Amino acid sequence: MVTDHAVTALAVLATILVILPLAFIFGYLLIKGASSLNLNFFIKVPVPEGELGGGMANAIAGSGVLLGIASLIGVPLGIGSGIFLAEFGRGTRLANAVRFTADVLNGVPSIVMGVTAYALIVFPRVRFLPFLGHFSALAGGVALGIMMIPTVCRSTEEMLLMVPHSIREAALGLGVPNWRSTLSITVKTASPGIITGCMLAFARVAGETAPLLFTALGNEFWSTSVNDPIAALPLQIFNYSISPYEDQHRMAWGGALVLIVLIVLAVSLVRFVTSRGVLKGNS
Amino acid sequence: MGVSIEVQNLNAWYGSNHTLQDINLNIPANHVTALIGPSGCGKSTFVRCINRMHETNPIARVTGTVRIGGLDIYADARPVEIRRRVGMVFQRPNPFPTMSIYDNVAAGLKLNGYSNRKRLDEIVERSLKNSALWDEVKDDLKKKSGASLSGGQQQRLCIARALAVDPEVLLMDEPASALDPVSTAKIEDLIFQLKSQYTIVIVTHNMQQAARVAEKTGFFLNGRMVEFDSTHKIFTNPSDKRTEDYITGRFG
Amino acid sequence: MAHRAACTLWVLGRPLVRLQWGKPGDSCEFLLVCILFFIAVTCLSQLPGSLKCVDRTVPEIRVAQSLPEPEAVHSPEHQAAAVAGHSEIRRYLLARGNSAGADRLFKVLMTLCAISIFLIVALIAYQLVDKSQMNWARSGLKFFYTAVKDPVTGQPQYWDPVNGNFSAIPFIYGTLVTSFLSLFFAVPLAVGVAVFLTEMCPGFLRAPLSFLTELLAAIPSIIYGLWALFILVPLLRQYANPVLNKTLGWTGLFGSDNPTGLGYLASGVILAIMVLPIISSLTREVMTAVPQSQREAVLALGATRWEMIRMGVLRNARIGIVGAIILGLGRALGETMAVLMVIGNTPEVHKSLLANGATMASVIANEFAEAFSDLHRSALVEIGLALFVVTIIVNIFAQLLIWAVTRGTPSRAH
Chain A
3 MVTDHAVTAL
13 AVLATILVIL
23 PLAFIFGYLL
33 IKGASSLNLN
43 FFIKVPVPEG
53 ELGGGMANAI
63 AGSGVLLGIA
73 SLIGVPLGIG
83 SGIFLAEFGR
93 GTRLANAVRF
103 TADVLNGVPS
113 IVMGVTAYAL
123 IVFPRVRFLP
133 FLGHFSALAG
143 GVALGIMMIP
153 TVCRSTEEML
163 LMVPHSIREA
173 ALGLGVPNWR
183 STLSITVKTA
193 SPGIITGCML
203 AFARVAGETA
213 PLLFTALGNE
223 FWSTSVNDPI
233 AALPLQIFNY
243 SISPYEDQHR
253 MAWGGALVLI
263 VLIVLAVSLV
273 RFVTSRGVLK
283 GNS
Chain B
9 MGVSIEVQNL
19 NAWYGSNHTL
29 QDINLNIPAN
39 HVTALIGPSG
49 CGKSTFVRCI
59 NRMHETNPIA
69 RVTGTVRIGG
79 LDIYADARPV
89 EIRRRVGMVF
99 QRPNPFPTMS
109 IYDNVAAGLK
119 LNGYSNRKRL
129 DEIVERSLKN
139 SALWDEVKDD
149 LKKKSGASLS
159 GGQQQRLCIA
169 RALAVDPEVL
179 LMDEPASALD
189 PVSTAKIEDL
199 IFQLKSQYTI
209 VIVTHNMQQA
219 ARVAEKTGFF
229 LNGRMVEFDS
239 THKIFTNPSD
249 KRTEDYITGR
259 FG
Chain C
448 MAHRAACTLW
458 VLGRPLVRLQ
468 WGKPGDSCEF
478 LLVCILFFIA
488 VTCLSQLPGS
498 LKCVDRTVPE
508 IRVAQSLPEP
518 EAVHSPEHQA
528 AAVAGHSEIR
538 RYLLARGNSA
548 GADRLFKVLM
558 TLCAISIFLI
568 VALIAYQLVD
578 KSQMNWARSG
588 LKFFYTAVKD
598 PVTGQPQYWD
608 PVNGNFSAIP
618 FIYGTLVTSF
628 LSLFFAVPLA
638 VGVAVFLTEM
648 CPGFLRAPLS
658 FLTELLAAIP
668 SIIYGLWALF
678 ILVPLLRQYA
688 NPVLNKTLGW
698 TGLFGSDNPT
708 GLGYLASGVI
718 LAIMVLPIIS
728 SLTREVMTAV
738 PQSQREAVLA
748 LGATRWEMIR
758 MGVLRNARIG
768 IVGAIILGLG
778 RALGETMAVL
788 MVIGNTPEVH
798 KSLLANGATM
808 ASVIANEFAE
818 AFSDLHRSAL
828 VEIGLALFVV
838 TIIVNIFAQL
848 LIWAVTRGTP
858 SRAH
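Written as C-alpha cells, this is what we have:
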C-alpha cells in the first residue's frame, strides 16, 4: 500500500512538473509580451538597431506571404495524396509505401528541409528562370509547404476513412461518377476534419524558423515580393532575441506573444471541431 | 415507365465465397417483385448485381447476363449509366449529412451537372410528393439537413432522392428493416402507389411484408433461387418443399 | 564508439553517394536515385504491412459474356423508341456521358499527388548527396571520426573554415549528449504523466490535462528558445550550475569554467520539455491500447493499483513505450532553434555538461547562411545528410515498435 501511494504521488508530481513549464512559458509571454504590444507593433516596420520604437508589420505580412505559398504547395498535394490513400489505394502496396514515406517525411528535421530548399531554389543559377539563384520568399514557402504535406495527407486520409460507407454507396447508387461523388460527397462530408488537419499543419509551420534561416533570410524592410528575401515573425523573433539591445528583446517577446496567440487559437479551434465530432448529425 | 429485367446464369462472388449461383429469372415491368429468404442467402447481392453496385467492392466478382429493358448492363454499358436508370434504396437510411433536404433530393441531378433551377424545383416537389414526404418537410426544404429528420422520414427522403433521377427500376434492399411499424406502413403504402410508374424489386426478410406489397415473389436459399412465382402461389401452394418449410416457419 | 556509429551510418548512405561520383546534376542519375529509393521504400513499407497481416489479394472484376446476344434488342428503333418514351430528365441523363475519362483522370491526378511524396523525399536525398560532394571527395568517411591536430599545441582542430579543416565529431557528440540528456529528464516524467492520465486521473481532469500536454507540442521551438535564453539560462547560471559544480564537480561532468549558463545542460533541459508531449501522448496511446481484460486479470489476483499498472499495463505496453521514446529521440536529434539559442555554438568537445558546444542541427543553422567557402557549405550539407539518414532510421524503428503494439486498435483521430 505504501508503494501504491508513493507511485500515485510520483505520477501527480510528474504531471505538475510538466504543467509547470507551460504555465511558466505562458506567464512570461503574457507579462513580457503584452507590455510591448501596441498599435505601432502591428503597423510599423523595424527601426535601425539601437533606436526605440518601430514594429513588426513587415514580419507579420511576410509570414502571411510565406504561409500562403506553403499552403498553395502543401494543401493540394496533401489532400490529393490523402484522397489517393483513402479512396483508391486501400490495401495496395503503393498506398502502404506512400503512407510510410509520408511518415518518414514527417520525421525529417526542419533544418534539413531548409538545406533542401536552399539547394533547390537559392543555389542554382539558371539563365531564364529569374526566381532561382537568390534568397527569396519562394524558397522559404517551398520549404514550409513540403513540411505541411505529411500532416495534411495523413489527417485527410483518416477523416475520409471515417465517412460511412453507406454515404459513398448512396452517391454511387444515384449514378454519380466516382470523381464527383468523391469530391462532392465524401470529401465534403469529411471537410471539417480535413480543414482541421490543414489548420494543424498550418499551425506547425507557422512557428518554424530553422528552414527560413537561409531561404527567406529575413528583411528589415517592408516586402511582400515572392522574389525577394522576406521577413517572417519567427525569424524576426530569433534575430531580435540574439541581439544585444534591450528594446529588441522586448520586440521579440511581443512577436512571440502574437505568434503563440495565433497558434493556440488554431489548435483550440481544431480541438473544438474534433471534439464535436467530424460528422455531426449523421445517424 | 418501368421496364422488365431478364437475368440469365448470374453468378456472383465475394472473394472466394460463391454468393449467387446460376440465377435465372424474369422480373416483369411495372410490378412489385419481392425477394425473400433467410439472411445471407444472396438476395441482397442479387439486387446489387442489378445496378452494378456489387462490383464496387474490390473483392467482388460477377458473371452472367442481366438485361434491363433489353440492354445488357454488363456488356453494353458503364456502371454509371446503369445506376442512373436503376434507383436504389438501402437498408439503412443514408441521406447526405452535409446537404439540406432539397439538396438531398436534387443530388442525383445536380451532381450529374443538371442546373435548370426551375425544373429542379419542380422535380424536388414532385419526388417528395411521390414519396409522401412533401407535407412534412415543405416548410424547411432548404433550412434543415437531411440528417435532422426521423428514421422513417430519412428513408422516404432516400426514396425521393432515388425517384428524382426518374429511374425505370427501383431496387429496395430491406427498406423498412431499420424502421418502426408506423414508418414501415408508410413505406409500404408508397411502394403500392409507385408500382404503376416503376418496376420495383424489394428485398425483405419479412414474409408478411412480401405478401402485402408484392405481386411476384422469389425465394432464395444458400445463393440459389429456389422458386419464383406469383406471391399468391408462393404463400398458399408452393411447389418446392424448402419454400414451404420457410413460409411455414420451420426454419430460417 | 563514434567511429563505429559513423561507419554504420555511412554504409547505409553509400549507395546513394556512389552514384554521384560522375558529374553531379545529371538527370539520369537522379532518375536512378529515385528508382532505387522507390524500391527501397516499397521494400521497407512491406514491414509494417506484414506485421499487420493485411490481406492484399485484390482480384479484378471479371465479367463473363458467355451467353450469345439475342438479336433485335439493340436495334436502333428499339433505342429510339426507348428514348422517345422518356421524360426530359431521363433524356438528359441518357445523353450525359459515362465520364469514364474524367474518373480515370481524377484517379491519375490523385495518384500523382501521392507519388509526389516519394519524389520529394528522393529530391531531398538527392540534393543533400549532390551538394555534399565536395567535402565527401575531400575527406570521405574520415569526416565523421578524425580531426586534424594543431601542429603546435597538439589539440584537435575540429572545425576550421579558414584552413578548410572539417570534422563532424563535436556536432555528433553534442547531438548525442543533448538528446540523451533530454531523454534522461523527459522519459520518467512522460511515463508518469501518461500513467496518471490513463490510470489515475479523475475524469473531469483528463481532457484539460491532456489538452495542456498537447499544447506543449504546439508551441514553436523559437518560443522555447526565447524562453530558455531569457528565463531558463539565467536560472541555471545563478542557482543550478553552482550547486551542481559544488556537489558533483568531482565527477568532471560539471566543470566551473563556463560562466554563461549556456551549454549542453541548458539544451538538454529545454529539449526535454519539447520532446515530453510527444513521448507522453504516444505512451498514453499504447497504454490505452492494452485491453481492459489484462488489467482486470491482474486486479483479480489481488494486486494493488501499482502492481496492476506495472504488470497489467506497463509490461504489455513496453515495446510501444520504447517506440515512443525513440520517436522522442528522433525529434530531439533534429531540433534546431531552441538548441541553437542556448548551446553556445562552439565546435568543441567537452566532458563537462555545463560547457558550450554545438549540435548537428545547430551548426547548420548557425553557419550555413554565411558559409566561409563552398567547401564549408558542403561540409554543412554533409552534416545535414547524416542527420537526415539518422532521423529516418530512428523514425522507422520507432514506427515499427509502435505499430507492433497498436495494430488492431482503431487509430486515434488527431
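Chains as they are written, first to last, in our numbering: chain A, 3 to 285; chain B, 9 to 260; chain C, 448 to 861.
Heads up, the beta-carbon is just placed ideally off N, CA and C, and yes, glycines get one too.
Note that the structure is a prediction, hence the values are computed from the model and not measured.
At which residues does the alpha helix (DSSP H) containing residue i begin and terminate?
{"i": "A/G66", "result": "59-85"}
{"i": "B/T73", "result": "Note, B/T73: premise wrong, no alpha helix (DSSP H); beta strand (DSSP E) at 68-76."}
{"i": "C/F553", "result": "547-578"}
{"i": "C/F590", "result": "Premise fails: C/F590 is in no alpha helix (DSSP H) and is neither H nor E."}
Expressed to the nearest angstrom, what Euclidean distance is found between the alpha-carbon atoms of residue i and residue j?
{"i": "B/P246", "j": "B/N32", "result": "18 Å"}
{"i": "A/V266", "j": "A/N221", "result": "26 Å"}
{"i": "A/P111", "j": "C/M784", "result": "11 Å"}
{"i": "C/K561", "j": "A/D105", "result": "Per the sequence shown, the amino acid found at residue 561 of chain C is Ala instead of Lys. Taking the straight line from one Cα to the other gives about 13 Å."}
{"i": "B/T53", "j": "B/I81", "result": "16 Å"}
{"i": "B/C166", "j": "B/V113", "result": "8 Å"}
{"i": "A/W224", "j": "B/R125", "result": "49 Å"}
{"i": "C/L787", "j": "B/L119", "result": "54 Å"}
{"i": "C/S727", "j": "C/A719", "result": "12 Å"}
{"i": "C/E516", "j": "B/E63", "result": "Legend: pLDDT at C/E516 = 34, less than 50; position of this residue unreliable, no value from coordinates given."}
{"i": "C/N688", "j": "A/F102", "result": "43 Å"}
{"i": "C/A851", "j": "A/Y30", "result": "41 Å"}
{"i": "C/V505", "j": "B/P66", "result": "Its pLDDT being 32, under 50, C/V505 is placed unreliably by the model, and nothing is read from it."}
{"i": "B/S123", "j": "A/W181", "result": "18 Å"}
{"i": "A/C200", "j": "A/G143", "result": "16 Å"}
{"i": "C/N842", "j": "A/P152", "result": "14 Å"}
{"i": "A/F240", "j": "A/P166", "result": "46 Å"}
{"i": "A/R170", "j": "A/V207", "result": "33 Å"}
{"i": "C/T660", "j": "C/V642", "result": "13 Å"}
{"i": "B/L136", "j": "B/V190", "result": "18 Å"}
{"i": "A/L15", "j": "C/G639", "result": "8 Å"}
{"i": "B/K203", "j": "A/I148", "result": "57 Å"}
In terms of residues, what are the limits of the beta strand (DSSP E) holding residue i?
{"i": "C/D704", "result": "Run containing C/D704: none; DSSP gives neither H nor E here."}
{"i": "B/S238", "result": "232-238"}
{"i": "B/H26", "result": "25-35"}
{"i": "B/E14", "result": "13-22"}
If you count every other CB in all the chains shown that lies within 10 Å of the CB of residue i, and 16 or more means buried, which is it?
{"i": "C/N612", "result": "buried"}
{"i": "C/P598", "result": "exposed"}
{"i": "B/D111", "result": "buried"}
{"i": "C/S579", "result": "buried"}
{"i": "A/T184", "result": "buried"}
{"i": "A/L261", "result": "buried"}
{"i": "C/G548", "result": "exposed"}
{"i": "C/E743", "result": "exposed"}
{"i": "A/I45", "result": "exposed"}
Return yes when the Cβ of residue j is within less than 8 Å of the Cβ of residue i, no when it is not.
{"i": "B/G116", "j": "B/A155", "result": "no"}
{"i": "B/T41", "j": "B/I208", "result": "yes"}
{"i": "A/G256", "j": "A/S38", "result": "yes"}
{"i": "C/I571", "j": "A/V100", "result": "no"}
{"i": "A/V269", "j": "A/A205", "result": "yes"}
{"i": "A/T198", "j": "A/S157", "result": "yes"}
{"i": "B/P175", "j": "B/G95", "result": "yes"}
{"i": "C/E637", "j": "C/A675", "result": "Correcting the residue identity first, residue 637 of chain C is Ala in this sequence and not Glu. Not a contact, by the Cβ cut-off of 8 Å."}
{"i": "C/Y671", "j": "C/G804", "result": "no"}
{"i": "B/M180", "j": "B/V211", "result": "yes"}
{"i": "C/I616", "j": "C/V796", "result": "yes"}
**Asked** What residues from the segment 842-853 of chain C come within 8 Å of chain A, judged by C-beta to C-beta, listed N to C?
**Response** N842, I843, Q846
**Asked** Taking a cut of 8 Å between CB atoms, which residues from the segment 570-594 of chain C lie near chain A?
**Response** L570, I571, Q574, L575, D577, K578
**chain A contacts from the segment 736-770 of chain C (Cβ-Cβ distance under 9 Å)** = T751, R752, W753, E754, I756, R757
**Message:** Closer than 9 Å between beta carbons: that is the criterion. Which residues of the segment 110-122 of chain B meet it against chain C?
**Reply:** G116, L117, N120, G121, Y122
**Message:** To be precise: take each residue of the segment 234-246 of chain A, compare its Cβ to all Cβ atoms of chain C, and keep it if any distance is under 8 Å. Which residues remain?
**Reply:** P236, I239, F240, S243, I244
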